[in-house]
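S.K.: Quick one: the structure is below, questions incoming.
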Amino acid sequence: MRALLRKTAIGFGVLCIAFGGCAGEDTPASGDTVVNDSASATDTSEGVSDTTATNAPDVQSGSDVSLPDVTGSILRQGLFQAIDVPGDPNQVFYSCWTEGTTRAYLSGTKGSIVGWNGLIWKELSSGLFTTLNGIAAGKDGLRAHAVGLNGTVVSGQALSKQTVAQTWGPPGGCQVATDCDDKDECTNDYCESGICQHTPSGSKGCCGSIAFSDSFANMANWTVTDIYQQVVDQGGIVWSAAAITGKDNKPRYTSAPSAMYFGRLDKPCAFDSSKVCGTFDNGKVVGSRARSPLFQVPVSESVKLTFQLLLDVENGTGFDVLTLHVKQGSKKTLVWDKQSIGGSGKTDGKFITQQVDLTKWAGVSIELEWSFDAKQKDLNDGEGVFIDDLSIMTTCASGSSAVKGLTKSSFFDVWAYGDDLAYAVGVNGAIAKWNGDEWKMQTDGKPQEIYALGGVAGVLQLIAGQSGLLGTLSTAGIDSVSDSTIYTLYDVAVTENLNGKTHALAVGAAGTVLEYDGTQWALKPFPTKATIKAVTSAGGGVYYAIAGSLIYERSSLGTWSMKAAASTILNDIAATGAGQAIAVGGAGLMMQRSGGVWQPKPGTFGVNNAYAIHVNGPKDIWVVGDN
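The working numbering numbers the first residue of the sequence shown as 401 and each following residue consecutively.
Right, here's the structure in full:
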């Protein structure tokens, strides 16, 4: 069971702190990148999801059993309580959508979807889909959507406004689910909008499922060893999940917050000492292996392993040897090595997609083993090896059904305006639209990733992302609104009415602040050149923002000042009421603003990391994270 921390507040509202996991989980994935959706703080009417995308271990469940209901505990005012939430404890929630205290959805790794109908928590789906980074439903609507890795979009429809959707699959419909029963134990049969959908059940021996996947938010799926552990004065570097910054100041992962990395974790960047830059030079011969758990590959027509690779080591095959083996019992088979990319040791600072055919192992149990061996202690000053978004997809033969993504790009976030309109955004500028009948791609993929989606519905909705991408989102589509910066934008916040006009901010790398005064966008000064990760509107032209471990405030006069320093990196911030706000981060830290002063509230979440905040009102607040 996963534990959910929940706190009741005096009055009719409820303050809820939601956490995936009982004992210890890890960070997000989009698998892809961090998404802060400030609409949760500025537009409570729409019930917008708030996510951090990105991925943690995502091994598909093979179970085909009925999912249990779990009733909520009696709540005591002013106290944090642990509430049992059904599902696997070893997974992470990346997204939370709520509608007051009557309905809520959570989504995360292993395709997990959990719902709250005001009375009980229930696991609605697990193991059928890949990691789901975002989830949302429209206000007073019946339909909900969840989006994630590899263009995955799944939907569910509740029977009434007082219930949550029980079955999830590709959007469609019909009268009742029993109309779609194909008597096949390898399919789950859904009735969606009059069309029968048959998706893989994920049961043992069934095709169309993901046999194994990992976006390396942690190394929980891997057994790591130091090749040179027994050699005197050698070794000391092993595979790890790490958030490394490149020499070009770009993150070295495709799914936030980290990738599997071979290299040192202690070398600060020359351009920003708060960040870690990669190298595998410690003056010694180094090498490491990482072995996956044993897992079953379903009987399938084809089995394909894909992963993202960024390499900065020596060229050639004699040194800096990188290999991937498949182990079946005592037999170990080489399936990929550096020779697969021509023996080159460099990918020019970019992730490249690699694919390996594993069809010969369909129907058997295997392990994966990554190995890197420098072979010498010299010329180890490259960034090292980065591997992310590993996935083993099985394909059914003709005539079978399978969940297919809208695009190869992963989705970070979804925003639902109602049952008939929703948008999903993701990697490489991917934008998809739900029109009430079907999802359709709106772009072919502009080479700019979208990291933020937020605003006030019907007033100003914004998207922001890579290389200064900033645009408005409406029922008519997407329109670019500014080219004032080349720096990546990570979050947006909107004030609906400031002196009779709509006001907004977009923030990002290098202390970038773009301000909208109701007429035009303009660059504004900020006290530091550090990356601004999140921003929230407190109304009246006042905004709060986080950069690293620091909290900044913008006054109604437009000036920024640093107000507080946390003991660890902060991940999200949200205004919660008049003059009140919270910021959350690693190691169980919460910073709370009250009476104009920020105070730390250590241990609020134990030692667990918190990643995202969703606010419905001063007494209805949700935080999602690990453990």
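The beta carbon of each residue, even a glycine, is placed where N, CA and C say it ideally should be.
Given the structure is predicted, the values throughout are model-derived calculations rather than measurements.
#1: Relative to the C-alpha of P927, which residue among A893, T912, Y916, P668 is closest?
#2: If you run the structure through DSSP and keep just helix, strand and coil, what is G511?
#3: One question on the structure: do T968 and G940 come within less than 8 Å of each other, judged by their Cβ atoms?
#4: Taking D781 as part of the beta strand (DSSP E), name the residues at either end of that continuous run.
#5: Could you give the uninterrupted runs of the alpha helix (DSSP H) lying entirely in the stretch 543-589, keeping only those of 4 residues or more?
#6: Which class does S740 belong to by DSSP, given the choice of helix, strand or coil?
#7: Bridge partners for K723 per DSSP, in chain order?
#8: Cα-Cα, which of G918, V894, A893, A906 is closest to S884?
#9: Can you confirm whether L950, when its beta carbon is compared against all beta carbons of chain D, has any partner nearer than 8 Å?
#10: Count the C-beta pairs between the stretch 733-741 and the stretch 646-662 that are closer than 8 Å, then say yes if the count reaches three, no if not.
#11: Using C-beta distances below 6 Å, list every residue in its chain close to P1000, excluding the 5 sequence neighbours before and after it, in chain order.
#12: V827 by DSSP, collapsed to three states: which one?
#13: Within 10 Å of its beta-carbon, does L559 have 16 or more other beta-carbons around it, so buried, or fewer, so exposed?
#14: Tell me the rounded alpha-carbon separation between N897 and K833.
#15: Measure from the alpha carbon of A690 to the alpha carbon of each residue in K684, W639, V756, then state which is nearest.
#16: Give the range of the beta strand (DSSP E) segment to which K924 is assigned.
#17: Specify whether the stretch 1011-1025 and the stretch 494-511 touch according to this definition: at least 3 beta carbon pairs, one from each stretch, less than 8 Å apart.
#18: Beta-carbon separation of F772 and V756 under 8 Å?
#19: State buried or exposed for A965, treating a residue as buried only when at least 16 other CB atoms are found within 10 Å of its CB.
#20: Classify V434: buried if its beta carbon has 16 or more other beta carbons within 10 angstroms, exposed otherwise.
#21: Could you check the C-alpha separation between V665 and N780 for me, to the nearest Å?
#22: By the DSSP assignment, the beta strand (DSSP E) with D666 in it spans what residues?
#23: Relative to the C-alpha of L722, which residue among S730, G729, I973, L710 is closest?
#24: Is the Cβ-Cβ distance between K539 and S526 less than 8 Å?
#25: Does the distance from the CB of V632 to the CB of S688 come in under 8 Å?
#26: When you compare each of Q566, S609, A617 to N550 by their alpha carbons, which one comes out closest?
#27: Could you please give the first and the last residue of the uninterrupted beta strand (DSSP E) stretch that includes C496?
#28: Does the contact criterion of 3 or more C-beta pairs under 8 Å hold for the stretch 667-679 versus the stretch 690-705?
#29: Output the distance between the C-alpha atoms of F707 and F812, rounded to the nearest integer angstrom.
#30: With distances taken Cα to Cα, identify the nearest neighbour of G826 among M841, S744, N835.
#31: DSSP three-state call for S765: helix, strand or coil?
#32: I'd like the span of the beta strand (DSSP E) that includes D813, first residue to last.
#33: G782 and V713 - do their beta-carbons sit closer together than 8 Å?
#34: Give the range of the beta strand (DSSP E) segment to which I840 is assigned.
#35: Can you tell me whether DSSP reads G687 as helix, strand or coil?
M.R.: In short:
#1: For the purposes of this step, residue 927 is taken as the residue at position 527 of the sequence shown. Among A893, T912, Y916, P668, the Cα nearest to that of P927 is on T912.
#2: By one-based count along the sequence shown, residue 511 stands at place 111. If DSSP states are grouped into helix, strand and coil, G511 belongs with the helices.
#3: Locating residue 968 in the sequence shown gives position 568, counting from the first residue. Locating residue 940 in the sequence shown gives position 540, counting from the first residue. For T968 and G940, no; Cβs fall outside 8 Å.
#4: The residue given as residue 781 occupies position 381 in the sequence shown. No beta strand (DSSP E) contains D781, which DSSP labels as neither H nor E.
#5: Within the stretch 543-589, not a single complete alpha helix (DSSP H) segment reaches 4 residues in length.
#6: Here residue 740 refers to the residue found at position 340 of the sequence shown. Looking at S740 - three-state DSSP - the assignment turns out to be helix.
#7: As a working note, residue 723 is residue 323 in the sequence shown. Lys is not the amino acid found at residue 723; the sequence shown has Thr there. Partner(s): D737, S771.
#8: Mapped onto the sequence shown, residue 884 falls at position 484. Of the candidates G918, V894, A893, A906, the one whose C-alpha sits nearest the C-alpha of S884 is A906.
#9: Structure shown: chain D not included; a single protein chain is present.
#10: Below 8 Å, too few C-beta pairs join the stretch 733-741 and the stretch 646-662 to call them touching: fewer than three.
#11: Translated into positions along the sequence shown, residue 1000 becomes position 600. Excluding positions up to five away in sequence, the list reads M991.
#12: Taking the first residue of the sequence shown as position 1, residue 827 is located at position 427. Helix, per DSSP.
#13: As a working mapping, residue 559 is identified with position 159 in the sequence shown. Exposed is the call here.
#14: Position 497 of the sequence shown, counted from the start, is the residue given in the question as residue 897. Position 433 of the sequence shown, counted from the start, is the residue given in the question as residue 833. Just so you know, the alpha carbons of N897 and K833 end up roughly 28 Å apart.
#15: Taking the first residue of the sequence shown as position 1, residue 690 is located at position 290. Answer by Cα proximity: W639.
#16: On the sequence shown, position 524 is the one that residue 924 refers to. Counted as a single uninterrupted DSSP element, the beta strand (DSSP E) harbouring K924 occupies residues 921-924.
#17: Three or more Cβ pairs drawn from the stretch 1011-1025 and the stretch 494-511 lie within less than 8 Å of each other, which places the two stretches in contact.
#18: As a first step, residue 772 is located in the sequence shown; it is residue number 372 there, counting from the start. As a first step, residue 756 is located in the sequence shown; it is residue number 356 there, counting from the start. With respect to the 8 Å criterion, F772 and V756 are not classified as neighbours on the basis of their beta carbons.
#19: Locating residue 965 in the sequence shown gives position 565, counting from the first residue. Under this definition A965 is an exposed residue.
#20: Translated into positions along the sequence shown, residue 434 becomes position 34. Low per-residue confidence applies at V434: pLDDT is 30, beneath 50, and the placement is therefore not dependable enough to give any value.
#21: Within the sequence shown, the letter at position 265 stands for residue 665. Within the sequence shown, the letter at position 380 stands for residue 780. Residue 665 is actually Leu in this sequence, not Val. In a straight line, the C-alpha of L665 is about 14 Å away from that of N780.
#22: For the purposes of this step, residue 666 is identified with residue 266 of the sequence shown, where counting begins at 1. From DSSP, D666 is part of no beta strand (DSSP E); its letter is neither H nor E.
#23: Here residue 722 refers to the residue found at position 322 of the sequence shown. Here the closest residue by C-alpha is L710.
#24: In the sequence shown, counting from the first residue as 1, residue 539 sits at position 139. In the sequence shown, counting from the first residue as 1, residue 526 sits at position 126. Cβ atoms of K539 and S526: not closer than 8 Å.
#25: Here residue 632 is taken as the residue at index 232 of the sequence shown, counted from 1. Here residue 688 is taken as the residue at index 288 of the sequence shown, counted from 1. A distance of 8 Å or more separates the beta carbons of V632 and S688.
#26: Taking the first residue of the sequence shown as position 1, residue 550 is located at position 150. Closest in alpha carbon position to N550, among Q566, S609, A617, is S609.
#27: What you label residue 496 is simply residue 96 of the sequence shown in a count that begins at 1. Residues 493-499.
#28: No: fewer than three Cβ pairs fall under 8 Å.
#29: Locating residue 707 in the sequence shown gives position 307, where the first residue counts as 1. Locating residue 812 in the sequence shown gives position 412, where the first residue counts as 1. Going by the C-alpha atoms only, they are around 18 Å apart.
#30: Position 426 of the sequence shown holds residue 826. Between G826 and the set M841, S744, N835, the nearest pair of CA atoms involves M841.
#31: Sequence index remark: in the sequence shown, residue 765 carries index 365 (1-based). Strand at S765.
#32: Counted from its first residue, the sequence shown places residue 813 at position 413. Counted as a single uninterrupted DSSP element, the beta strand (DSSP E) harbouring D813 occupies residues 811-818.
#33: Residue mapping note: residue 713 aligns to position 313 of the sequence shown, counting from 1. Residue mapping note: residue 782 aligns to position 382 of the sequence shown, counting from 1. Yes; because the gap between Cβ atoms is below 8 Å, this pair is in contact.
#34: As a first step, residue 840 must be located in the sequence shown, where it is residue number 440. Reading off the sequence, residue 840 comes out as Lys, not Ile. Its beta strand (DSSP E) spans residues 839-841.
#35: Mapped onto the sequence shown, residue 687 falls at position 287. G687: strand per DSSP, three-state reduction.
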